[in-house]
Structure formats: C-alpha cells, structure tokens
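Okay, so the sequence shown: first residue is 2 according to this note's numbering, each after it adds one. The next block holds one structure in the form of structure tokens; read it before the comments.
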Amino acid sequence: LVWLAAALLLALAAAWAALAIFFPPARVRGLVQAQLSGALARDVRFDDASIGFWPPVRLTVKGLRLAEPGGFANGAALELPSLHLDLDLGALLVRRLEVRRLALENPKLHLVLRPDGSTNLDSLAATKPAGKAPAAAPFDLAVRELSISGGRLLLDDLKAGRRTALGIATKLG
C-alpha cells in the first residue's frame with residue numbers, strides 16, 4: 002500500500018510538473034490572447050490569465066473586456082472581472098479544451114437593440130479571409146457546466162426608447 006500511495010503521489014507530482022513546464026504564465030497569457038483574437042472580431046483586453054495546477058486544473062482570466070463596435074473609445078460591451086474554466090487535464094494535453102465547469106463571476110453585458118433589428122453584438126465572430134489559414138489552430142471546446150453569478154444586463158432598446166437593467170444568475174449542466 003505504501004508503494005501504491007508513493008506511485009500515486011509521484012504521478013500527481015509529474016502531472017503538476019508537466020503542466021508547470023508546458024504552460025508557464027507567459028505562454029498561458031499568449032494562448033488566451035491568441036484564442037480570443039482569433040475567435041472574436043473585436044478588441045479584447047484582459048488583465049491576467051493563469052492556470053492553477055491543483056485539481057481541478059483551472060484556467061482563470063481576470064479583467065476580461067470586449068469592446069463595443071468601434072473600439073474601446075465607445076465603451077465595453079462585456080466586462081467580466083473573473084472567468085474560471087475547470088479543465089479536463091487529459092484533454093488539454095492533446096489540444097482539446099474540455100471544460101468541466103465554466104464560471105462567470107459578476108459579468109456586465111451591454112446589449113443595444115437597434116431599430117433595424119441588429120445589435121451591438123452582431124458580427125462578433127472573426128472570419129478568416131479567403132485563402133488564408135489561421136495563425137494558430139483553435140482548440141476544440143466542450144463545456145459540461147455553466148454558472149453565472151452576480152451578472153448584470155443593461156438592455157438599450159433604441160426603437161422603443163427604453164433602457165432595462167436586470168440581474169442574471171444561473172447554473173446549467
């Protein structure tokens with residue numbers, strides 16, 4: 002039993018060391034920036050990104066902001082003080098991003114409904130120019146659980162001339 006426990010501890014230490022070597026803070030920050038820039042057609046900023054190695058393996062992005070159409074001079078469509086992704090370690094090592102739990106803490110979303118039916122969130126997804134391969138292949142993504150706590154939505158309906166604010170909290174599995 003002692004040898005079994007020692008082998009288990011050694012395997013955990015090896016997995017932790019592999020994560021620390023393969024995903025240092027600068028690389029995590031670069032991966033998050035590349036994935037956000039490649040997936041979104043808007044300016045995106047964040048303060049910090051890190052991976053916590055103690056189970057669950059957790060990717061944390063702090064201070065995430067998504068610009069309104071026209072850039073940050075027009076404000077932020079989304080402000081997310083804290084985003085946590087509890088990751089499946091085995092999938093991560095084979096370049097699949099399997100999220101056991103996605104937690105959004107205190108998100109603020111500004112949604113504008115224009116008279117023509119369009120919104121300020123239209124055309125968020127980045128499209129690659131014809132004939133151009135993406136700079137970095139995106140990760141495959143699967144999410145098992147989503148939780149939102151302390152969320153706020155500010156809805157501006159320009160046609161009706163109405164502004165509505167509401168709170169959002171949910172947990173989906």
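The C-beta atom is built at its ideal place from N, Cα and C for all residues, glycine as well. Everything numeric in this text was worked out from a predicted model, so none of it was measured.
Exposure of Glu-99, with buried meaning 16 or more beta-carbon neighbours within 10 Å: buried
Measuring alpha carbon to alpha carbon, tell me which residue in Ile-149, Val-95, Asp-157 is nearest Ala-170. Ile-149
Who pairs with Leu-46 in a beta bridge, going by DSSP? Before going on, a small fix: residue 46 reads as Arg here, not Leu. According to DSSP, Arg-46 bridges with Arg-66.
Would you tell me roughly how many angstroms separate the C-alpha atoms of Arg-66 and Leu-112, rounded to the nearest one? 14 angstroms
Counting along the chain, where does the beta strand (DSSP E) carrying Arg-164 start and finish? 163 to 173
Skipping 5 residues on each side, what residues in its chain have a beta carbon closer than 7 angstroms to that of Ser-124? Ala-42
The beta strand (DSSP E) with Ser-150 in it runs from where to where? 147 to 158 is the extent of the beta strand (DSSP E) around Ser-150.
Please go through the region 4 to 45 and give each complete alpha helix (DSSP H) segment of 4 or more residues, from N-terminal end onward. 26 to 40
Mind checking who Thr-61 pairs with in its DSSP beta bridge? In the DSSP assignment, Thr-61 is bridged to Ser-51, His-85.
Per DSSP, Thr-120 forms a beta bridge with which residues? Leu-114
Rounded to a whole number of angstroms, what is the C-alpha to C-alpha distance between Ala-104 and Lys-172? 9 angstroms
Starting from Ala-104, follow the beta strand (DSSP E) in both directions and report where the run begins and ends. 97 to 106
Give me the residue from Glu-80, Asn-75, Phe-23 with the minimum Cα distance to Asp-48. Glu-80
Of the residues Ala-16, Thr-165, Ala-166, the one placed nearest Asp-89, counting alpha carbons only: Ranking the options by Cα distance to Asp-89, first place goes to Ala-16.
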